[in-house]
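Let me begin by presenting the structure, written as C-alpha cells, before commenting on it.
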Amino acid sequence: MASGKLYTTTVLVLGLVAFIESLAFSLPLSFFPQYALSLGASVASIGLFTSSFMAASALLSPRLGTLCDRIGRKRVMLGGLIGDVIFGVLTGLAPSWEWLLLIRTLNGAVTAAATLPAEALLIDHVSPLKRGEAVGFVLSCGMIGRNLGPIFGGSVQFSAYTSGLSSLNDSYRMPYFVDSALAVLAIVVVAWKLKEKSSEARFDEEKAAECTSAANEEHDSKVKLSRSFKIMLVCTFFNGIALGFILPVAALFFEDKFGAEPLIIGTILSSAGFVGVLASWAAGRFSDRVGRKPLIGVGGISARICGLALPFTSSVSEATFVFVFRSLGFNMFMPALQGLRADLVPAEQRGRLFGLYNMFFNAGDIAGPLLSGYLYDLYRTETFYIGSIAVPGLGMPFYVNSVIGIITTAVLLLFVEENRKRKT
Numbered sequence: 001m002a003s004g005k006l007y008t009t010t011v012l013v014l015g016l017v018a019f020i021e022s023l024a025f026s027l028p029l030s031f032f033p034q035y036a037l038s039l040g041a042s043v044a045s046i047g048l049f050t051s052s053f054m055a056a057s058a059l060l061s062p063r064l065g066t067l068c069d070r071i072g073r074k075r076v077m078l079g080g081l082i083g084d085v086i087f088g089v090l091t092g093l094a095p096s097w098e099w100l101l102l103i104r105t106l107n108g109a110v111t112a113a114a115t116l117p118a119e120a121l122l123i124d125h126v127s128p129l130k131r132g133e134a135v136g137f138v139l140s141c142g143m144i145g146r147n148l149g150p151i152f153g154g155s156v157q158f159s160a161y162t163s164g165l166s167s168l169n170d171s172y173r174m175p176y177f178v179d180s181a182l183a184v185l186a187i188v189v190v191a192w193k194l195k196e197k198s199s200e201a202r203f204d205e206e207k208a209a210e211c212t213s214a215a216n217e218e219h220d221s222k223v224k225l226s227r228s229f230k231i232m233l234v235c236t237f238f239n240g241i242a243l244g245f246i247l248p249v250a251a252l253f254f255e256d257k258f259g260a261e262p263l264i265i266g267t268i269l270s271s272a273g274f275v276g277v278l279a280s281w282a283a284g285r286f287s288d289r290v291g292r293k294p295l296i297g298v299g300g301i302s303a304r305i306c307g308l309a310l311p312f313t314s315s316v317s318e319a320t321f322v323f324v325f326r327s328l329g330f331n332m333f334m335p336a337l338q339g340l341r342a343d344l345v346p347a348e349q350r351g352r353l354f355g356l357y358n359m360f361f362n363a364g365d366i367a368g369p370l371l372s373g374y375l376y377d378l379y380r381t382e383t384f385y386i387g388s389i390a391v392p393g394l395g396m397p398f399y400v401n402s403v404i405g406i407i408t409t410a411v412l413l414l415f416v417e418e419n420r421k422r423k424t
C-alpha cells in the first residue's frame, strides 16, 4: 500500500531532484545568448537551442516511460542524472555553436530520463488521498529551483569574471561545472536514500484498491479513463503552450510598455515565481480535500482573466500586481491538474502514460515561445480599437493565450471525469 505518511525520505529526495533539475534548466537564462553568440551562433538561432532541448525531451518521454515500467524507475533516473553530469561538463567545454547545439539536444533527452521517473515514483509512494499535496510539494521544489536558477547562474558567471578567474567569454562556461557538481550530489542522494517498489507491488496495490468495485463499475471506469485521459492529452498540449507562451515576451512587454530596466523586470518575474511556489503547494493540498476541479476552474480562469487585463495596465505597479495574481492562479491550476491526471492513471501504466502526457506538454512548450514571439513582433507597434477602447497590439500574445486557456479549462471541467474514490 502507498504510505500514509506524506513527507517520507522518498518524497523529500524527489523534491531535491526536482529542485536541482529545474535549477539546471533555468541557470543559463541570464547569460546563455551571450555564450552562444561568443561561440559563433547568430541571434536568429538562439531560440533553436531551447527548442531542440525541449523537442528531444518530448520525443523520448514515451519510450523512457515504458523503460521505467520494464527496468525500474530508479535505474532510469540515475542514468539521466549521470547524463546530466556528463552533458553539463560538455556544455561548459563546447568548442563551437554547432557542438553546443548538439550537446543541448542530447542534454534534453537525459533530463527527461532524470525527471520522468520521479513523477511515477512519487505517485507509487504516496496515498491517493494525499497525491495533490505531494505533487504540489515537488512542483514547489522545482519552481524554487527554476526561480533561483537565473540569479544563481548569473552570480557564478559574474563572480568568475570579476574575480579574474576567467575571461568574459570563458566565464559563461563556469556555471555549467557548478551545475554538474549539484547533479553529482543528486546521484549520491538518489542511490543512497531512494527506495523503489517492485512492479509486482505496484500492480498488487492497484488491484487491492479496485477490489471493492463491481465488475461492471470497473469496466465503466476503464472506458471513462480512456476518454478522459485522451481529452487531458489535448488539453495538456495547450497548457504547455501557456507555460511557454508568456515568459519569452514578458521582458519585452515590460520594457516596451513601461521602459522598465532589467533589474525591475527580474524582480517582477521572481516575485511572480515565488508567489507561485506558495500557491502550488497550498493548492495541491487543498485539492485533496475539496476535489481537483474546483481548483482547476478557479485557478485556470483567474489566470487567463489576468492575462487579458495585463496589456491594459497603466503603470509598472499595476502590471506587477496583475502579473503576480496571474501566477497565483496558474499555480493553483497546475497541481490540481496533475493530481487529476494521477488519479486517472493505473499504477502499472504510470510510467508509459506519464511519458505520453509529458510528450504532449513538451510539444506545447516548444510551440509556445515560437508562436508568441512571432505574434509579439507582428503586432507590437499596432493599436486596435473596439468602439472607443484602445487595444494595445503588444498584448496580442496575452490575448491569444488567455482565450486558448479559457477554452481548455472549460473542456477539462466539462468533459474529464474526476475520480472521487481515491483510496489509500
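Residue numbers (my numbering): 1 to 424. Glycine included, C-beta positions come from ideal geometry on N, C-alpha and C. The structure displayed is predicted, hence computed values, not measured ones.
- Going by DSSP, residue 128 is part of no beta strand (DSSP E) at all; its letter is neither H nor E.
- For residue 285 and residue 68, the gap between their C-alpha atoms comes out near 27 angstroms.
- Contact between residue 401 and residue 307 holds, since their C-beta atoms are separated by about 6 angstroms, short of 8 angstroms.
- By the C-beta density criterion, residue 165 is exposed, having fewer than 16 other C-beta atoms within 10 angstroms.
- When secondary structure is reduced to three states using DSSP, residue 31 falls in the coil class, being assigned neither helix nor strand.
- Excluding five sequence positions before and after residue 253, the CB atoms of its chain that fall closer than 7 angstroms to its own CB belong to 394, given in chain order.
- DSSP places residue 176 in the uninterrupted alpha helix (DSSP H) bounded by 174-193.
- Taking a contact as a CB-CB distance under 8 angstroms, the pair residue 130 and residue 269 does not count as one, their CB atoms being some 31 angstroms apart.
- Exposure of residue 96 is indicated by the presence of fewer than 16 other C-beta atoms within 10 angstroms of its C-beta.
- Residue 392 carries a strand assignment under DSSP once its states are collapsed to helix, strand and coil.
- Under the criterion of beta carbons closer than 8 angstroms, residue 72 and residue 116 do not qualify as touching, at roughly 13 angstroms.
- In this chain, residue 312 is not harboured by any beta strand (DSSP E), its DSSP state being neither H nor E.
- Residue 383 sits in a strand when the DSSP states are folded into three classes.
- The segment 129-145 and the segment 327-346 touch, with no fewer than 3 CB-CB distances between them shorter than 8 angstroms.
- When the five nearest sequence neighbours on each side are left out, the beta carbons in the same chain lying within less than 8 angstroms of the beta carbon of residue 121 are those of 10, 14, 73, 74, 77, 194, 196, in order along the chain.
- By the Cβ-count criterion, residue 192 is exposed, with fewer than 16 other Cβ atoms from all chains shown falling within 10 Å of its own Cβ.
- Taking C-alpha positions only, residue 184 is separated from residue 50 by approximately 24 angstroms.
- Comparing C-alpha distances from residue 178 to each of 87, 247, 410 shows the shortest one belongs to 87.
- A direct Cα-Cα distance of roughly 48 angstroms separates residue 128 from residue 41.
- Taking the Cα of residue 237 as reference, the smallest distance to any Cα among 405, 8, 360 is reached at 360.
- At least 9 angstroms separates the beta-carbon of residue 19 from that of residue 153.
- Short of 8 angstroms from the beta carbon of residue 190, and not among the five residues preceding or following it, lie these beta carbons of its own chain, in chain order: 13, 17, 74, 77, 78, 81.
- Taking the Cα of residue 267 as reference, the smallest distance to any Cα among 415, 405, 55, 147 is reached at 147.
- Rounded to whole angstroms, the Cβ separation of residue 280 and residue 358 is 18 angstroms, and the two are not in contact under 8 angstroms.
- For residue 13, the enclosing alpha helix (DSSP H) begins and ends at 9-26.
- Contact between the segment 406-420 and the segment 293-310 is present: three or more C-beta pairs spanning the two stretches fall below 8 angstroms.
- Here the alpha carbon of residue 53 sits roughly 7 angstroms from the alpha carbon of residue 107.
- Positions of the alpha helix (DSSP H) runs, each at least 4 residues long and wholly inside the segment 63-98, are given as 73-93 in order along the chain.
- Taking C-beta atoms as the reference points, residue 419 and residue 328 fail to come closer than 9 angstroms.
- Residue environment analysis places residue 322 among the buried positions, since at least 16 neighbouring C-beta atoms fall within 10 angstroms of its C-beta.
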